[in-house]
Amino acid sequence: MKITYEKLLNVYPSLLELKKFKMEYSKAKAIFNLYKKLENEFEFYRETEEKLVNTYAHKDPNGKPMIKANGQIVFANKSEGDEYLKEINDIRIKEIDIDISEIKLCVIDLDNHMISPELIESLEGIIVFD
1 MKITYEKLLN
11 VYPSLLELKK
21 FKMEYSKAKA
31 IFNLYKKLEN
41 EFEFYRETEE
51 KLVNTYAHKD
61 PNGKPMIKAN
71 GQIVFANKSE
81 GDEYLKEIND
91 IRIKEIDIDI
101 SEIKLCVIDL
111 DNHMISPELI
121 ESLEGIIVFD
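The sequence shown maps to residues 1 to 130 in this note's numbering.
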């Protein structure tokens, strides 16, 4: 299955939430296996993003990238911000090929856990909710 890093950024945190649910072994193992397969790609993205932030962000007197309390990166000028956005967006649209099988979950599998529409949406195309 091919997914973009942008999709991965939505799927991975949702898998962290979903893997806390108790379910029968084969479904739990499938969720765990999916999580492990995506973990390396997620870490690669995070490391790449961190390198780009270190390259383009305005630095404080200690040489650390300046990031506002809301997570917004501070750039020295517009061109550095534009270059960062171009490079990070190029990565986000890149497709990665992950060897995964579709996972089907139903109400019984979720053992009466409450699940949000947002979680379902983020896992759409990866997990089928019946």
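Yeah, the Cβ is synthetic: ideal placement off N, Cα and C, and Gly gets one too.
Note that the structure is a prediction, hence the values are computed from the model and not measured.
{"Query": "Between the CA atoms of N112 and K29 - distance to the nearest angstrom", "Result": "19 Å"}
{"Query": "Three-way DSSP call (helix, strand, coil) for D90 in this model", "Result": "helix"}
{"Query": "For E50, the three-state DSSP class (helix, strand or coil)", "Result": "helix"}
{"Query": "DSSP-derived helix/strand/coil call for D97", "Result": "strand"}
{"Query": "Backbone secondary structure at I108 - three-state DSSP", "Result": "coil"}
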